[in-house]
Amino acid sequence: GKVIVVLGADKDEIVRRVNMPEAEIVYNAGFEKGMFSSLKKGLSSLSPGKAFMINPVDCPAVKKSTYEALIRQWERSPERVHIPSFKGRRGHPAIYPARLVSEILDSPDDLSGGLNFFIEKEKEAILHFDTADKGVIMDIDTLADYQCLADAFKEGKND
Numbered sequence: 001g002k003v004i005v006v007l008g009a010d011k012d013e014i015v016r017r018v019n020m021p022e023a024e025i026v027y028n029a030g031f032e033k034g035m036f037s038s039l040k041k042g043l044s045s046l047s048p049g050k051a052f053m054i055n056p057v058d059c060p061a062v063k064k065s066t067y068e069a070l071i072r073q074w075e076r077s078p079e080r081v082h083i084p085s086f087k088g089r090r091g092h093p094a095i096y097p098a099r100l101v102s103e104i105l106d107s108p109d110d111l112s113g114g115l116n117f118f119i120e121k122e123k124e125a126i127l128h129f130d131t132a133d134k135g136v137i138m139d140i141d142t143l144a145d146y147q148c149l150a151d152a153f154k155e156g157k158n159d
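If you read the sequence shown in the working numbering, its first letter stands for residue 1, the second for the next number, and so on.
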């Protein structure tokens, strides 16, 4: 499928520094409204009738095998929401059915709860994907988080 990267702040520097030849770059001029506005911007570039996977940029440690297994699960039940979890904690990336696209696009950028509003609404349709991949719950919010993750990769602890 198509990879859509939504950029906001510092977009010019990111494009200059990061090689993304296979990705469609979309600029969210309203990025200060929050992540949900960026999600909507990305979905507006999606072909009609397509499901979508969301993987936040601050969650880089997910293994390729986890993506592949999650996609296989989605292929068996494309009308469901698929969310990976590690030891009971919900993580990323998640796959959402095509039927949610228009509803999300029609909602306000400042929707209370953002995407979590739809996750809660769809809770009966969620298929959790239990994985031993701790990367699904690892995110980088601070320099210390980044250093910890970088050290784990250097030491081979990301297996």
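The beta carbon of each residue, even a glycine, is placed where N, CA and C say it ideally should be.
Bear in mind the structure is a predicted one, so any value in this text is a computation, not a measurement.
Q. For the alpha helix (DSSP H) that E120 lies in, which residues bound it at each end?
A. As a first step, residue 120 is located in the sequence shown; it is residue number 120 there, counting from the start. Looking at the DSSP string, the run of the alpha helix (DSSP H) that includes E120 is 115–121.
(Q) Looking at the secondary structure, which residues open and close the beta strand (DSSP E) in which I83 lies? (A) Position 83 of the sequence shown, counted from the start, is the residue given in the question as residue 83. It spans 81–86 - the beta strand (DSSP E) in which I83 sits, taken as one unbroken run.
Q) For the 8 Å Cβ check, are there 3 or more pairs between the stretch 40–56 and the stretch 95–102? A) Contact holds: three or more Cβ-Cβ distances are below 8 Å.
**Q.** Ranges of the alpha helix (DSSP H) found wholly within the stretch 3–47, counting only runs of at least 4
**A.** 11–17, 35–43
Q | DSSP-derived helix/strand/coil call for L111 | A | Here residue 111 refers to the residue found at position 111 when the sequence shown is read from its first residue. The answer is coil: DSSP assigns L111 none of H, G, I, E or B.
Q. Do V5 and V62 have their C-beta atoms within less than 7 Å of each other?
A. The residue you call residue 5 lines up with position 5 of the sequence shown. The residue you call residue 62 lines up with position 62 of the sequence shown. No, the Cβ-Cβ distance between V5 and V62 is not below 7 Å.
Q) Is it true that the CB of I104 sits closer than 7 Å to the CB of L43? A) Your numbering for residue 43 matches position 43 in the sequence shown. Your numbering for residue 104 matches position 104 in the sequence shown. Yes, they are a contact pair.
**Q.** Endpoints, beta strand (DSSP E) assigned at L127
**A.** Translated into positions along the sequence shown, residue 127 becomes position 127. In the DSSP assignment, L127 falls within the unbroken beta strand (DSSP E) covering 126–130.
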